[in-house]
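Taking the working numbering, the leading residue of the sequence shown gets 102, the next gets one more, and so forth.
By construction, the Cβ of each residue, glycine as well, lies at the ideal position given by its N, Cα and C atoms.
As structure tokens, the structure follows; a few thoughts come after it.
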Amino acid sequence: METQPVDTARWARTRGMRRMRAALQASLLFPALSSFCRLDVRDREQLRVLEGPAVFVANHVSALDAVVMAEALPPRYRNRSVVVAAADSIFKRKWEARLAQVTVDAFPIPRGGGARAHLDYLKELLHNNWSVIIFPEGRLTATGAIGAFRKGAAVLAMDTGVPIVPAYVDGMFEVMPRFRRVPRPGRVTVTFAGPISAE
């Protein structure tokens, strides 16, 4: 499979953009989420042992999972993390792509192969003290059950030596499952597990 060109969108990681993103999240994005979603974050103290970047992996149940994960992370990781997103999904529409890049620093990666250069760029970010949030199923669940994982997260961790931090998102499937346009009010829990060494 031919490697597809990488849109690194470095502008989304500039200091000014990070400050604007943090302000947007605090003043608009997270309050909007809390208007219908009561978020409970459990075992976040597991992250205290981290001394550098990490690959955060979570199940993928809703189009809003990236926002939920961003709010669940402590600021030191939230403000230096990219969210891996399917290039053939939100990145098909330019306005939606820009919105995702501005609000959660979404990074497009192809699902059908040709992602080597994209993974190499993510490794570069990890080496430069950026973390990666990835949903290794590669697509939204249709039933709420966890699907098979793709290998990208493991490759990133093994090739860079950074730990994997699992998280489980519970409740978002009831709040806003695949194809639902209007969220239902509900309680959502994000539970972190301890870091897993890639060595």
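query = Between the segment 129-149 and the segment 285-299, are three or more C-beta pairs nearer than 8 Å?
reply = Under the three-pair Cβ rule at 8 Å, the segment 129-149 counts as touching the segment 285-299.
query = Quick one: what's got a C-beta closer than 6 Å to Asp271's C-beta in the same chain, skipping five residues either side?
reply = Indexing the sequence shown from 1 puts residue 271 at position 170. The beta carbon of Asp271 sits closer than 6 Å to the beta carbons of Thr290 from its chain, once the five residues preceding and following it are set aside; these are given in chain order.
inquiry  = Taking only three categories from DSSP, how would you classify Gly287?
reply    = Translated into the one-based positions of the sequence shown, residue 287 becomes position 186. Looking at Gly287 - three-state DSSP - the assignment turns out to be strand.
message = Quick check on Glu152: buried or exposed, where buried means 16 or more other Cβ atoms within 10 Å of its Cβ?
response = By 1-based counting over the sequence shown, the position of residue 152 is 51. Classification for Glu152: exposed.
ask   = Based on Cα-Cα distance, which residue from Ala254, Ala218, Leu220 and Leu130 lies nearest to Ala299?
value = As a working note, residue 299 is residue 198 in the sequence shown. Comparing Cα-Cα distances from Ala299 to each of Ala254, Ala218, Leu220 and Leu130, the minimum goes to Ala254.
key: According to DSSP, residues forming a beta bridge with Phe192   = Numbered from 1 along the sequence shown, position 91 holds the residue referred to as residue 192. None, per the DSSP bridge assignment.
message = Check whether the segment 161-176 and the segment 117-137 are in contact - that is, three or more C-beta pairs closer than 8 Å.
response = By the Cβ rule, the segment 161-176 counts as touching the segment 117-137, because three or more pairs are nearer than 8 Å.
task = Confirm, please, whether the CB-CB distance from Arg114 to Val203 is below 9 Å.
result = Mapped onto the sequence shown, residue 203 falls at position 102. Mapped onto the sequence shown, residue 114 falls at position 13. The criterion of a C-beta distance shorter than 9 Å is not satisfied by Val203 and Arg114.
query = DSSP on Ser232, reduced to helix/strand/coil?
reply = Your numbering for residue 232 matches position 131 in the sequence shown. Assigned with DSSP and collapsed to three states, Ser232 falls in strand.
query = What residue range is occupied by the uninterrupted alpha helix (DSSP H) comprising Val256?
reply = The residue labelled residue 256 in the question sits at position 155 within the sequence shown. Membership of Val256 in the alpha helix (DSSP H) is indicated by the continuous run Gly253 to Thr261.
request  = Just the C-alpha distance for Ala258 and Arg181, rounded to the nearest angstrom, thanks.
outcome  = The sequence position of residue 258 within the sequence shown is 157, counting from 1. The sequence position of residue 181 within the sequence shown is 80, counting from 1. Here the alpha carbons of Arg181 and Ala258 stand approximately 17 Å from one another.
key: Beta carbon of Val156 nearer than 9 Å to that of Leu227   = Counted from its first residue, the sequence shown places residue 156 at position 55. Counted from its first residue, the sequence shown places residue 227 at position 126. In this structure, Leu227 lies closer than 9 Å to Val156 by Cβ.
request  = Spatial neighbours of Ser163 within its chain, please: CB distance less than 6 Å, with the 5 preceding and 5 following residues excluded, ordered by chain position.
outcome  = On the sequence shown, residue 163 is found 62 positions in, with the first residue counted as 1. Spatial neighbours of Ser163 in its own chain (CB-CB distance under 6 Å, excluding positions within 5 residues in sequence) are listed in chain order as Met273 and Met277.
key: Spatial neighbours of Thr109 in its chain, beta-carbon cut-off 7 Å, leaving aside the 5 residues before and after   = Counted from its first residue, the sequence shown places residue 109 at position 8. Contacts found: Tyr222.
inquiry  = Taking the straight line between their C-alpha atoms, what separation do you get for Val266 and Ala186?
reply    = For this step, residue 266 is matched to residue 165 along the sequence shown. For this step, residue 186 is matched to residue 85 along the sequence shown. Using only the alpha carbons, I get a separation of about 18 Å.
inquiry  = With H, G and I counted as helix, E and B as strand and the rest as coil, what does DSSP make of Val184?
reply    = The residue you call residue 184 lines up with position 83 of the sequence shown. Correct three-state label for Val184: strand.
key: Inter-residue Cα distance where the pair is Thr244 and Arg279   = What you label residue 244 is simply residue 143 of the sequence shown in a count that begins at 1. What you label residue 279 is simply residue 178 of the sequence shown in a count that begins at 1. Distance between the alpha carbons of Thr244 and Arg279 is about 9 Å.
query = Counting only runs that start and end within the segment 116-187, where is the beta strand (DSSP E) found for 3 or more residues in a row?
reply = Taking only runs of at least 3 residues, the beta strand (DSSP E) segments lying wholly in the segment 116-187 are 138-143, 156-159 and 182-187.
message = Suppose you measure from the CA of Leu140 to the CA of Ala167; what does that come to, to the nearest Å?
response = By 1-based counting over the sequence shown, the position of residue 140 is 39. By 1-based counting over the sequence shown, the position of residue 167 is 66. The alpha-carbon atoms of Leu140 and Ala167 are separated by roughly 13 Å.
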